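A.B. asks: First, the structure itself, so that you have it in front of you.
Protein chains: 2
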Amino acid sequence: MATRSTIMDTNSFRPEMMGALDPETRSLVEKRDVLGPAYRLFYKNPVHLVRGDGARLWDADGVEYLDVYNNVASVGHCHPRVVDAITRQVSLLNTHTRYLHENVLRYAEDILSTMPGEIDRVMFQCTGSEANDLAVRVAQCHTGGEGIVVTHEAYHGNSALISELSPALGTAQPLSRSMRMVPTPDTFRVEVDGAAAAGLSAEAFGGWMASCLRDAVADMERHGIRFAGFLGDSIFSSDGVFPDPRGYLGPVIEAVHDLGGVYIADEVQPGFTRTGDAFWGFQRQGIVPDIVTSGKPMANGMPTSMMAARHEVLESFAGSIPYFNTFGGNPVCMAAAQAVLDVMRDEDTMGNAKRVGGAFRGQLAGMQPDHPVIGDVRGTGLYIGCEIVRPGTKDPDQGLALALLDELRENHVLTSVCGPLGNVLKLRPPLVFSLADVDWFMSAFERSLSSLGV
Amino acid sequence: MATRSTIMDTNSFRPEMMGALDPETRSLVEKRDVLGPAYRLFYKNPVHLVRGDGARLWDADGVEYLDVYNNVASVGHCHPRVVDAITRQVSLLNTHTRYLHENVLRYAEDILSTMPGEIDRVMFQCTGSEANDLAVRVAQCHTGGEGIVVTHEAYHGNSALISELSPALGTAQPLSRSMRMVPTPDTFRVEVDGAAAAGLSAEAFGGWMASCLRDAVADMERHGIRFAGFLGDSIFSSDGVFPDPRGYLGPVIEAVHDLGGVYIADEVQPGFTRTGDAFWGFQRQGIVPDIVTSGKPMANGMPTSMMAARHEVLESFAGSIPYFNTFGGNPVCMAAAQAVLDVMRDEDTMGNAKRVGGAFRGQLAGMQPDHPVIGDVRGTGLYIGCEIVRPGTKDPDQGLALALLDELRENHVLTSVCGPLGNVLKLRPPLVFSLADVDWFMSAFERSLSSLGV
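The listed protein sequences correspond, in order, to chains A and B.
Mapping the first sequence onto the numbering used here, position 311 (from 1) lands on 1373, and the numbers just tick up by one.
Mapping the second sequence onto the numbering used here, position 220 (from 1) lands on 1282, and the numbers just tick up by one.
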């Protein structure tokens, strides 16, 4: 599995595709030179979006798309309550946390009320990367260690520190010398003592992962590096979406604590009701983290993130090293985040994720007999991974997965891929996704598969 | 000058001040426990703000304050054109740069048009810390070096990488082993070959600073660390505000280039017309950086930042290492940033900064004969440093400076301090500050000085 360059360019427009673009799209794409070579557009035929509403997006020609990808617009694009909250606060005051303001206090209390009582402090930043960067520093300060363990295809952010802990960025990005990796908990492919992981109990599968972690930490310590913690999201989204068997992280976190480390739960992907089982991904695994981070889904697109922690874990860092984030926790971001949280409760996004996500997975699984390229359908709530493979095997078919993405885009459905070889469709729509939206997706998916002859 | 703990707590509320607070303020302050010990409030008697307009702020009791501190609300609190731009875009669409959108392209072109032609690429992030974190990685990738030079009291941000390059954070924060510091270009105190710096030409003062940089790089290389670049804002704001003699950075940047490094201009403080002399701080120094970063003043409080660079400097990083910032360059942040830029042109904030800032410095300097605690008044445009010293000496009087801040706050004027010993009043109001606002400040300043008997 070492042939990919990076996960980041699995679904990307490339300059050699320029010739096929219509003049208006081409002109916009050409103008992006000014952003430099790091910027990537989705699709062979990039989409020029101008409007959003719920799980729908519209391009400049008025074409309507179904959004099956964007978790930032967690309560739906342009949710009126979020728009109102931003509009109201931005007209009143937008300043920082060195003056008193109710918004940050109200939200801090409210978001902590969704977590176990042990997690009793929260700090605000602007991006998930900033939250993870701070979380790792807090973990290192608390434990006196440096070494962090992540999974083999983890992506946790773009700062210097976090990029070195994000193997999914590819081989051009050097990894930290003090980090170690454990294998992806790939229930579709891993065998434990000759038994397929898919059939194992949470204890047995978690026990295997815990022993991988113990090995990683032993190697780290053999190199003189003290263990600080394990950084992982509880559904391993960039690894390819592996939420089950539910509870398998229990033995892993037990091992982390045994070894003197802390567990940083990166909830950017599974948090905020998306799994349908609980508000937080770690809750459906039955574990209590030491540090919790989030970002993307918090404020429906306003740059807002957070790092919550047990006070005794936070103390050593926050009591000695100054940290001020100018925009973090500002009244406008907090108003947006509060509106998102209110909407999640009032519209029961957790119940919707469970109900609609369950139906979605059921319909996808129902297609497997007729479409053997669908190797596996897994997920929880509105976070679904769908493996595209060579029929009759577990061999990833990235080429077909990418062709499917482009077909789906032509059928006005937006999504993307994940996993080490970019062959896993990542179906992660706004949480207001409905059963009718599932029907739209399924019919576009059928058309796309059949136009590709699979 | 090693007695301070950190610059971050020079103007901070501390728990032992709790007893003096009114019940409402006390209750809000107590609730902040949930944010942990890293959060700091300004003032012995923290301010509870609820509304802003231009350079004015109002607290919960309706008391009006003059804002002489906040550069985030660069075109004034709640500027109607910025509010409108945010409101309009947030109701339409807020997504990311993997789809096409005009806002990011229009703003990218427009902001680059304010810079020298050599700087022809720009990438967007959410905070100044993220911009500097990326800039240092770009500089390291381009030069193949690791070593960064900063000034002795520099503050460039809060990520793991940038905290290690920010000596102003104090001694609890370890500095990077590969960084070196040059002295603060303190024109009030430094002597060069026995001559006071204040009287020196830009060439002579810059030559001294360049030789300090050469020494720092020689020491770095003696330790086997290759030089990557110099990171500095061109008015050295956290060092205590040292913009003159105008042009003194010329010899310094020449040395940086000679030694194979790049110059990263951190424009978070001097950029966006604040100096009154030019749009960017580096322009008034007559230099062309290799990389330019900004954040705070870009979008009037929307979390928005950028890293601009020469394409040949960016290439090595951006051509090989994936970088995606989910919220960076989103349509709402770009709409806000565009509105700020439009307002800066239409309302001539540069001309206003020059005119009002000049009058402001003139009036402050005029007070020196009667108030010998004012040791030095310096600055450019609406960035002014005012040294509070023991009369007849250049010894910093931090205690008096902090007392003055609290007096000014009681006189409804908000500002803060900077410099290694926290004795320099940092006067940095929104750019719409008027001559009438200067009068308000001067009269509150007189009252504050006289109530302290100085």
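From the three backbone atoms N, C-alpha and C, an ideal C-beta is built for every residue, glycine too.
The structure presented is a predicted model; accordingly, all values stated were derived computationally and were not measured.
1. Quick check on the burial criterion: 16 or more other C-beta atoms within 10 angstroms. Buried or exposed for B/Glu1374?
2. Quick one: does A/Asn1473 have its CB under 8 Å from some CB of chain C?
3. Using a Cβ cut-off of 8 Å, pull out every chain B residue sitting near A/Gln1235, in sequence order please.
4. B/Asn1073 to B/Leu1464, Cα distance in whole Å?
5. Let me see if you follow: with CB-CB separation under 8 Å, is A/Phe1389 close to chain B or not?
6. If you count every other CB in all the chains shown that lies within 10 Å of the CB of A/Asp1295, and 16 or more means buried, which is it?
7. Taking 8 Å as the cut-off, does the region 1093 to 1107 of chain A touch the region 1147 to 1163 of chain B (at least 3 CB pairs, one atom from each stretch)?
8. Could you work out which residue in A/Gly1357, A/Glu1283, A/Ser1299 and A/Gly1179 is closest to A/Gly1322 when comparing CA atoms only?
9. Return the chain-ordered list of same chain residues with a C-beta closer than 6 Å to the C-beta of B/Met1185, the five sequence neighbours on each side being excluded.
10. Roughly how many whole angstroms lie between the Cα atoms of A/Met1396 and B/Leu1090?
11. Note down, in chain order, every chain B residue with its Cβ under 7 Å from the Cβ of A/Asn1392.
12. By the criterion of Cβ-Cβ separation under 7 Å, what are the contact partners of B/Pro1016 in chain A?
13. Suppose you measure from the CA of B/Val1212 to the CA of B/Arg1407; what does that come to, to the nearest Å?
14. Just the Cα atoms here: how many angstroms apart are A/Ser1067 and A/Ile1224?
15. At a Cβ threshold of 8 Å, is A/Arg1118 touching chain B?
16. Compute the Euclidean distance between the alpha carbons of B/Pro1222 and A/Asp1195, then round it to the nearest angstrom.
17. At a CB distance below 8 Å, what residues from the region 1152 to 1169 of chain B approach chain A? Give them in sequence order.
18. Which residue's Cα is closest to the Cα of B/Ala1234: A/Gly1447, A/Gly1381, A/Ser1505 and A/Ala1427?
19. Comparing alpha-carbon positions, which option in B/Phe1334, B/Ser1356, B/Gly1312 and B/Lys1358 lies nearest B/Val1350?
20. Could you have a look at A/Thr1068 and say whether DSSP puts it in helix, strand or coil?
21. In the DSSP output, which residue or residues are listed as bridge partners for A/Met1369?
22. Can you have a look at A/Asp1339 and say buried or exposed, based on whether 16 or more other CB atoms are within 10 angstroms of its CB?
23. Could you round the C-beta distance between B/Leu1155 and A/His1141 to whole angstroms and report it? I think they count as a contact, below 8 Å.
24. Below 8 Å on the Cβ atoms is my contact criterion, and I expect B/Ala1317 with B/Leu1275 to pass it. Report the Cβ-Cβ distance as a whole number of Å.
25. If contacts are defined as beta-carbon pairs under 8 Å, then A/Leu1444 and A/Ala1415 qualify, I think. What distance do you get, rounded to the angstrom?
26. So with CB distances below 9 Å, who are the chain A contacts of B/Ile1297?
27. Rank B/Asp1123, B/Asp1121, B/Asp1129 and B/Arg1242 by C-alpha distance to the C-alpha of B/Gly1470 and give the top, closest one.
28. Nearest-angstrom Cα distance between B/Gln1151 and B/Val1486?
29. For B/His1110, which residues in chain A fall below 9 Å Cβ to Cβ?
30. Taking the Cβ atom as the reference point for each residue, do A/Ser1136 and A/Ala1230 lie within a distance shorter than 8 Å?
31. What's the gap between the Cα of A/Gly1420 and the Cα of A/Asp1499?
32. Report the option in A/Arg1346, A/Gln1331 and A/Glu1215 whose CA atom is closest to the CA atom of A/Asp1306.
33. Report the option in A/Ser1512, A/Val1405, A/Ile1353 and A/Glu1449 whose CA atom is closest to the CA atom of A/Asp1432.
34. Got a sec: which bits of the region 1121 to 1135 of chain B sit with their beta carbon under 8 Å from any beta carbon on chain A, in order along the chain?
35. Since A/Pro1099 meets chain B, which of its residues come closer than 8 Å, beta carbon to beta carbon?
36. Give the DSSP bridge partners of B/Cys1274, in chain order.
C.D. replies: Answer, in terms of the structure:
1. exposed
2. Within the model displayed, chain C is absent; protein chains A and B are what it includes.
3. Ile1383 and Pro1384
4. 6 Å
5. yes
6. buried
7. yes
8. A/Glu1283
9. Met1369
10. 16 Å
11. Gly1363
12. With chain B covering 1063 to 1516 only, the question about residue 1016 of chain B has no answer from this structure.
13. 32 Å
14. The predicted model places A/Ser1067 with a pLDDT of 44, which falls under 50 and marks its position as unreliable; any figure quoted below should be read in that light. C-alpha separation (whole angstroms): 19 Å.
15. no
16. One point to set straight first is that residue 1222 of chain B is Ala, not Pro, in the sequence displayed. Distance between the alpha carbons of B/Ala1222 and A/Asp1195: 7 Å.
17. Val1152, Ser1153, Leu1154, Leu1155, Asn1156, Thr1157, His1158, Thr1159, Arg1160, Tyr1161, Leu1162, His1163, Glu1164, Val1166 and Leu1167
18. A/Gly1381
19. B/Gly1312
20. Note that A/Thr1068 scores 49 on pLDDT, short of 50, meaning its location in the model is unreliable; the coordinates nonetheless yield the value given after this. Of the three classes helix, strand and coil, the one that applies to A/Thr1068 here is coil, per DSSP.
21. A/Met1185 and A/Thr1355
22. buried
23. Actually they are not in contact, since the Cβ atoms of B/Leu1155 and A/His1141 sit about 12 Å apart, beyond 8 Å.
24. 5 Å
25. 4 Å
26. The premise fails here: B/Ile1297 is roughly 18 Å from chain A at the closest Cβ pair, so nothing lies under 9 Å.
27. In the sequence as displayed, the identity of residue 1470 of chain B is Leu instead of Gly. For the residues B/Asp1123, B/Asp1121, B/Asp1129 and B/Arg1242, the minimum Cα distance to B/Leu1470 belongs to B/Asp1129.
28. 40 Å
29. Tyr1161, Leu1162, His1163 and Glu1164
30. no
31. 13 Å
32. A/Arg1346
33. A/Ser1512
34. Asn1132, Val1134 and Ala1135
35. Leu1376, Glu1377, Ala1380 and Gly1381
36. For B/Cys1274, which the question treats as bridged, DSSP gives no partner whatsoever.
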